[in-house]
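In the working numbering, the protein residues as written are 14 to 270.
C-beta atoms are modelled at their ideal positions from N, C-alpha and C, and glycine is treated no differently.
From a predicted model like this one, the values you see are computed outputs, not experimental measurements.
A short write-up of the structure that comes next.
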């Protein structure tokens, strides 16, 4: 698995006022623009962990996703920002954040656009696996860019980590929210998608992915576990959920019916 690059923000361009996390368009010291997700927003580092884990699994499944990078934000970066809400967000996000490469001139996915059934099924499988509640008609979290479908947001995934208990039970849930997935009507090949996932994903990959979580994101006030113990819980969640994928595949098939 390829390691994420680390860049530093040099210019805050504008807020992207979509959802509750106030991501921003920013330029980094590699001269590229990124959609910057802040550790100081909403669910904090847990949202960044969802983006990281979900993004790396998306890549492993061969689905299109903009390059993920770690983004440093210096302590004095927001002092000239006039908007107090944004200034606070920048202040509380000092340190390591996460960004996705900005896809210039991409357009939001229109549910009326035809999607290959196997591709739709892979995306539904992905979201049921990582328990992503937020790829719906209301907020598709997908873009069309160069006539291809791109995944852009996995931050509302792994919602078990907000209560941080009953990990094994959470891993075996059917994921009832799949009924709201924007691509579910097109996902006619869920068994094929499950078979494909079991050919390309494995425990070694899951271990590498959870090991890529920065330790800086794993010091939680609401958990007694050490960073290594938190990583292990994420790994066991992925391993158990993968071994029991038929539970959420059947739920998706039933929801289609």
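Check                                                                                                         : Outcome
Closest residue to residue 42 among 35, 25, 214 (Cα-Cα distance)                                              : 25
Span of the alpha helix (DSSP H) around residue 240                                                           : 240-256
Rounded distance between the beta-carbons of residue 157 and residue 119, thought under 8 Å                   : 7 Å
Within 8 Å, strictly: CB atoms of residue 22 and residue 49                                                   : yes
Residues that DSSP places opposite residue 201 in a beta bridge                                               : Its beta-bridge partners do not exist; DSSP assigns none.
Alpha-carbon spacing of residue 236 relative to residue 81, whole angstroms                                   : 27 Å
Segments of 4+ residues assigned as alpha helix (DSSP H) that fall wholly inside the region 29-112            : 58-73, 97-105
Closest Cα partner of residue 19 within the set 35, 111, 214, 105                                             : 111
Buried or exposed by the 16-neighbour rule on C-beta atoms within 10 Å, applied to residue 127                : exposed
Beta-carbon proximity of residue 165 to residue 154, cut-off 8 Å                                              : yes
Cβ-based burial, residue 68 [other Cβ within 10 Å; buried from 16]                                            : buried
Euclidean distance between Cα positions of residue 96 and residue 230                                         : 26 Å
Residue 116: first and last residue of the uninterrupted beta strand (DSSP E) it sits in                      : From DSSP, residue 116 is part of no beta strand (DSSP E); its letter is neither H nor E.
Residue 19 - partner residues in DSSP beta bridges                                                            : 83
Integer Cβ distance of residue 278 from residue 63, believed to fall under 8 Å                                : In this structure the chain extends from 14 to 270, so residue 278 is not present and cannot be described.
Cβ pair residue 172, residue 149 closer than 8 Å                                                              : no
Classification of residue 88 by the beta-carbon crowding that lies within 10 angstroms, buried from 16 upward : exposed
Span of the beta strand (DSSP E) around residue 161                                                           : 161-164
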